[in-house]
Ligand code: PLP
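Now the structure itself:
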């Protein structure tokens, strides 16, 4: 007899994007001619840049010849990519990493979920609320208890340091869904909390490429002591349009140790390496060659242009909303705008009103957690024309 992992049958059913799709489909059926603008989901819309396309074409050609064919690669990723990541993303910020501290993945979502493999089911998990649902779902699947740290206008959507002991804390800055960023001092407070409570921080910096303000940290390792308490997750998805290609990376410093049940300290780096060697066969050679091209001079110039395109969209959205009298957060150093609903309107009601009166699709904040009620998320990943048109329509409804 086989038995199910009961946690999966008990898990909270996520209906957010399914419900959004259902409401949009119903509206479309009644209004077949409606020109709907979708600023709801967080996928990118601009194509891969030429430097990446050319590198992936070359990689495909490599695989066409016996002398340059690539089969299974290292489970940890190719050094040609790891070395570029370290040289470009970490060394210039004064962060020293050895190549075996960076693990190439097929995107941040997989590793954010898989990392739970090496953690006890007894850990109490802290997440910010509103939250990227992956942290909650994957820990619920493992039967772990979750504590929610409210991220509100009052605390700049960065969460107050909790009084209680959390074993693991997920932080994401720039944040999805609020678009909030954290200052060095703000992040320092979380690192100090982690060091004094033996908390392991999972730092999701999937959106770091959108940071333009030099005062905002790109990596948690810019904070002293973070190598002893934090794992960092990054992705080429939003940085370089890899949502379909799939490539990311996870940093586990060798200094990072947590307790085993006998009280001894165990380094996580070799344990994660062991896990990857048993359960992962590496990201594809073609994806990794594409990711490597992001760090070439051309790749940098071209991907920055795309990021700036989205950041300009974000500015247009935020400025027009504010001009129309709305209160909007985020959208600076981040591709998400967190719009406060007028007069505390329920976020699903406001979502419906925008759909019916402006034919604009957004995401109701309540779907990201209790503290998301009273907000909606608008993404800047659409086309420029759609962003401008959507704002003109929203302005009309006031
Ligand atoms: N982390 C956050 C906060 C995200 O919003 C996303 C994707 O939307 C991811 C991670 C996953 O990125 P990837 O495409 O690398 O799996």
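Residue numbers (my numbering): 207 to 604.
Even glycine gets a Cβ: it sits at the ideal position worked out from N, Cα and C.
Distance cut-off 7 angstroms: residue 410 Cβ against heavy atoms of the ligand PLP: yes
8 angstroms contact criterion, which residue 234 and residue 227 should meet: CB distance rounded: Contact doesn't hold; Cβ gap of about 10 angstroms is too wide.
Beta-carbon proximity of residue 413 to residue 380, cut-off 8 angstroms: yes
Cβ-heavy atom distance, residue 443 to the ligand PLP, below 7 angstroms: yes
Closest by C-alpha distance to residue 256, when choosing among 509, 225, 529 and 282: 509
Opening and closing residue of the beta strand (DSSP E) in which residue 332 lies: 330 to 335
Residue 254: CB within 7 angstroms of a non-hydrogen atom of the ligand PLP: no
Neighbourhood of residue 281 by C-beta, 7 angstroms cutoff - its chain only, sequence neighbours within 5 removed: 482, 483, 486, 487 and 488
Nearest residue (CA-CA) to residue 435, options 408, 540 and 419: 408
As assigned by DSSP and simplified to three states, the class of residue 278: coil
Segments assigned beta strand (DSSP E), at least 3 residues, entirely inside the segment 331 to 415: 351 to 356, 374 to 378 and 406 to 410
Among 493, 581, 459 and 212, nearest to residue 546 - alpha-carbon criterion: 581
Own chain, CB closer than 8 angstroms to residue 386, minus 5 neighbours either side, in chain order: 357, 362, 363, 364, 379, 380, 535, 536, 540 and 544
Residue environment, residue 499, which counts as buried when at least 16 other CB atoms sit within 10 Å: buried
Identity of the residue in 296, 404, 317 and 578 nearest residue 469 by Cα: 404
Cα-Cα separation between residue 492 and residue 562, rounded to whole angstroms: 44 angstroms
Inter-stretch contact at 8 angstroms, needing at least 3 Cβ pairs: the segment 453 to 467 / the segment 254 to 268: no
Sheet register partners of residue 585 (DSSP bridge): 542
Beta-carbon separation (whole angstroms), residue 447 vs residue 512, contact threshold 8 angstroms: 7 angstroms
Under the three-state DSSP convention, the category residue 566 falls into: strand
Residue 342 vs residue 352 beta-carbon contact at 8 angstroms: yes
heavy atom of the ligand PLP below 7 angstroms from residue 449 C-beta: yes
Beta-carbon proximity check, residue 442 vs residue 456, cutoff 8 angstroms: no
Assigned secondary structure, residue 436 (DSSP; H/G/I helix, E/B strand, else coil): strand
Close-in-space but distant-in-sequence residues of the same chain around residue 373 (CB under 6 angstroms, 5 per side omitted): 329 and 330
Range covered by the alpha helix (DSSP H) that runs through residue 455: Premise fails: residue 455 lies in the beta strand (DSSP E), 454 to 457, not in any alpha helix (DSSP H).
Three-state class that DSSP yields for residue 501 in the structure shown: coil
Where the alpha helix (DSSP H) containing residue 258 begins and where it ends: 256 to 268
Cβ-based burial, residue 284 [other Cβ within 10 Å; buried from 16]: buried
Residues sharing a beta bridge with residue 471, DSSP: 465
Rounded separation between residue 349 and residue 327 - CA only: 6 angstroms
Alpha-carbon spacing of residue 503 relative to residue 300, whole angstroms: 21 angstroms
Expected contact under 8 angstroms - CB spacing of residue 593 and residue 522 to nearest Å: 5 angstroms
Nearest-angstrom Cα separation, counted from residue 586 out to residue 238: 25 angstroms
Check: residue 315 C-beta below 7 angstroms from any heavy atom of the ligand PLP: yes
Straight-line Cα distance separating residue 411 from residue 425: 7 angstroms
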